[in-house]
Amino acid sequence: MAWIHRFWMELTPRRHELLSTYLLGIGTLFLYTGYSLQQFIGESVIHSIHEKSPDTISAYAGYYGAAFHLSAFAVFSLITPSLQHFVPSKWFLTLASALFAVYYLGFFQLNKYYFYLTQALMGVGYSFYNNGEGQYLSEHSSRRTIESNTGIETAVGHASMFFGGIALIVLCFLLHTDGGTGIEYSDLQIRFIYGTMFILNIFSVIVFAFLPTKQYDSIASKSSTVVPSFANQIKQLLKAFQSTNLLILMPFFFFQGFAVSFLMTVYPTTLSFTHAFKTDIYIIGIYSVSMGLAEAIGGIFLRPLLKRAGDYGLYVTAGFNFLSYSVVIILAFLSIPNLSTFGPTSSPPIFLTPSRLLVFIIGFLIGFSDFCVTMARAVICQVAVPDCRMQVFSLSKLYQSGSSVVVLLLTPYMTIYIWLCVLTIFLLIGTTCFVIVARRTAADRQKHSIAHPSQAQLADKI
Numbered sequence: 012m013a014w015i016h017r018f019w020m021e022l023t024p025r026r027h028e029l030l031s032t033y034l035l036g037i038g039t040l041f042l043y044t045g046y047s048l049q050q051f052i053g054e055s056v057i058h059s060i061h062e063k064s065p066d067t068i069s070a071y072a073g074y075y076g077a078a079f080h081l082s083a084f085a086v087f088s089l090i091t092p093s094l095q096h097f098v099p100s101k102w103f104l105t106l107a108s109a110l111f112a113v114y115y116l117g118f119f120q121l122n123k124y125y126f127y128l129t130q131a132l133m134g135v136g137y138s139f140y141n142n143g144e145g146q147y148l149s150e151h152s153s154r155r156t157i158e159s160n161t162g163i164e165t166a167v168g169h170a171s172m173f174f175g176g177i178a179l180i181v182l183c184f185l186l187h188t189d190g191g192t193g194i195e196y197s198d199l200q201i202r203f204i205y206g207t208m209f210i211l212n213i214f215s216v217i218v219f220a221f222l223p224t225k226q227y228d229s230i231a232s233k234s235s236t237v238v239p240s241f242a243n244q245i246k247q248l249l250k251a252f253q254s255t256n257l258l259i260l261m262p263f264f265f266f267q268g269f270a271v272s273f274l275m276t277v278y279p280t281t282l283s284f285t286h287a288f289k290t291d292i293y294i295i296g297i298y299s300v301s302m303g304l305a306e307a308i309g310g311i312f313l314r315p316l317l318k319r320a321g322d323y324g325l326y327v328t329a330g331f332n333f334l335s336y337s338v339v340i341i342l343a344f345l346s347i348p349n350l351s352t353f354g355p356t357s358s359p360p361i362f363l364t365p366s367r368l369l370v371f372i373i374g375f376l377i378g379f380s381d382f383c384v385t386m387a388r389a390v391i392c393q394v395a396v397p398d399c400r401m402q403v404f405s406l407s408k409l410y411q412s413g414s415s416v417v418v419l420l421l422t423p424y425m426t427i428y429i430w431l432c433v434l435t436i437f438l439l440i441g442t443t444c445f446v447i448v449a450r451r452t453a454a455d456r457q458k459h460s461i462a463h464p465s466q467a468q469l470a471d472k473i
């Protein structure tokens, strides 16, 4: 053990920062790999269980459970920032990961009450993670290194879509059998897949629990330690809620909620229920890998482009998001059977034959759009109400999660064409409202480079 002690003592402040950042990224990677996988396959797994034992759980519990999850996340997103004054960031992260792990255990012997309860607990854990991640980075980064550290943590920790897709492909290769008119899962396969997710989460719990806590010239150590009163926090929240810019931005946040529900739950579910993929055990993994590649390429190529665009960078980001998602909607309309949100269907799509290449293209465009819209929100939330930035981020999460909850509860009654109509309407209105606020805040935005929205990302991880 002496060499471990000597290793820690010999670390320079910058190396200590890098070690802390990489460990945070590795813990996040373990956490998010399982999380993204269960989001993609959740409804189809629940549907398989319902087909074998209808009394165990509703056929659409995957949709309803996601609504429970996002409802808890929305509520606790308003509460969690106040708790950061009393709970160390590493324990926020550790507790968050533990709550995720509790959810996966339920699939060894599924019970509907446990399922919905742990979905809600996972939403609480997600809000803890969001806050703890940003708080820990601020404790282990100086103002000079925050950009670099945020980029490292994002690159390592948020590559979960890519690695999760590869993991799912491997698991399906080892375990999966196909049957009927859609992809189905046996009890053994479900337990093995969710057991793997549980093990990944245990790794993340261990990593988070042993994160270094020593701080050097960090942002957090230079910040005021005065705890704002509850009354002042409520006053700031009401000020942000009543601001004109935030009211204008509401359709934009609603669109993001619909888009996240579509990419994480609805579209991968339609792939599982589409007749053309009834024997394709790798299709969900291919979709996940394509999204992961898009996120990585967006970080490598889009950020430098936006930096060169200067004051017009925010408009460029909104434009890329609008164009890429418009193509997604068109391709989805032409290639997804209308009734594939309800269950396995053999009805043909309207024009394009579903294929792996088409799914890869759609997944890539969805991932690129998600990167753009998250990046744009990171900046606009800083300047929409400059005196209430944290409150604006909390409210944006509330609006996003609220719209997700509503649409997921309605999804068992929505065909894919209705879904695409909703996305189209809010894409148009949301983009227009976003551009309006971007023009109204042009002067403030010059103070925050869109190429480096790291401060916003500390409070806006999704």
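Mapped onto my numbering, the consecutive letters of the sequence shown carry residue numbers 12 to 473. Glycine residues also receive a C-beta, built at the ideal position from the N, C-alpha and C atoms. The structure displayed is predicted, hence computed values, not measured ones.
What number of angstroms, rounded off, separates the C-alpha of residue i from the C-alpha of residue j?
i: N212; j: L369; result: 32 Å
i: V417; j: G136; result: 21 Å
i: P24; j: T105; result: 24 Å
i: V271; j: T224; result: 33 Å
i: L342; j: W102; result: 44 Å
i: N256; j: Y410; result: 14 Å
i: I373; j: L345; result: 12 Å
i: L128; j: S299; result: 27 Å
i: Q130; j: Y124; result: 10 Å
i: S414; j: G145; result: 24 Å
i: S504; j: K289; result: There is no way to answer for residue 504, as the model of the chain reaches only from 12 to 473.
i: A307; j: A170; result: 8 Å
i: Y205; j: F184; result: 16 Å
i: L179; j: V56; result: 13 Å
i: L121; j: A389; result: 38 Å
i: R451; j: D398; result: 16 Å
i: Y147; j: T443; result: 35 Å
i: I461; j: L325; result: At I461 the pLDDT is 43, less than 50, meaning the model places this residue with poor confidence and gives no usable figure here.
i: V327; j: F375; result: 19 Å
i: H27; j: H151; result: 8 Å
i: G168; j: M208; result: 16 Å
i: I8; j: F84; result: Only positions 12 to 473 of the chain appear in this structure, which leaves residue 8 out of reach.
i: M261; j: N332; result: 17 Å
i: G73; j: R319; result: 43 Å
i: I201; j: F273; result: 23 Å
i: F312; j: S380; result: 14 Å
i: A453; j: M401; result: 20 Å
i: E62; j: P423; result: 16 Å
i: I10; j: L282; result: No answer is possible for residue 10: it lies beyond the span of the chain, which begins at 12 and ends at 473.
i: F214; j: V98; result: 22 Å
First and last residue of the alpha helix (DSSP H) that includes residue i?
i: K289; result: That residue, K289, is in no alpha helix (DSSP H); it is neither H nor E in DSSP.
i: N256; result: 255-272
i: S82; result: 72-94
i: I429; result: 427-451
i: G143; result: 123-150
i: V113; result: 100-116
i: N332; result: 324-346
i: Q200; result: 198-220
Since residue i and residue j should fall inside the 8 Å C-beta cutoff, what is the C-beta to C-beta distance between them, to a whole number of angstroms?
i: I216; j: A70; result: Here residue 216 turns out to be Val, not Ile, going by the sequence shown. At roughly 32 Å, the Cβ-Cβ gap does not stay under 8 Å, so V216 and A70 are not in contact.
i: I292; j: I52; result: With a Cβ gap of about 11 Å, I292 and I52 do not count as contacting.
i: F284; j: P359; result: 14 Å between Cβ atoms; not a contact.
i: S82; j: G134; result: 7 Å
i: A78; j: L434; result: 18 Å between Cβ atoms; not a contact.
i: S138; j: F87; result: 4 Å
i: T276; j: Q49; result: 10 Å between Cβ atoms; not a contact.
i: I347; j: I427; result: 5 Å
i: V448; j: A251; result: V448 to A251, Cβ: 13 Å. No contact.
i: V446; j: A287; result: Not quite, the Cβ-Cβ distance comes to about 38 Å (not below 8 Å), so this is no contact.
i: F269; j: F404; result: Not really, about 19 Å apart at Cβ, beyond 8 Å.
i: F126; j: G76; result: 6 Å
i: A107; j: Y140; result: 4 Å
Of all the CB atoms in chain B, is at least one closer than 8 Å to the CB of residue i?
i: F264; result: In the structure shown, chain B cannot be found, because there is only a single protein chain.
Any idea which residues DSSP pairs residue i with across the strands?
i: T478; result: Examination of residue 478 is not possible in this model, given that the chain is present from 12 through 473 alone.
Taking three-plus beta-carbon pairs below 8 Å as touching, is the segment 262-271 in contact with the segment 29-48? no
Using a Cβ distance threshold of 8 Å, determine whether the segment 350-365 contacts the segment 332-340, with at least three qualifying pairs required. no
Touch test, the segment 26-34 against the segment 377-385, Cβ-Cβ under 8 Å, three pairs minimum: No contact exists between the segment 26-34 and the segment 377-385.
At least three beta-carbon pairs within less than 8 Å, the segment 173-181 to the segment 300-312: yes
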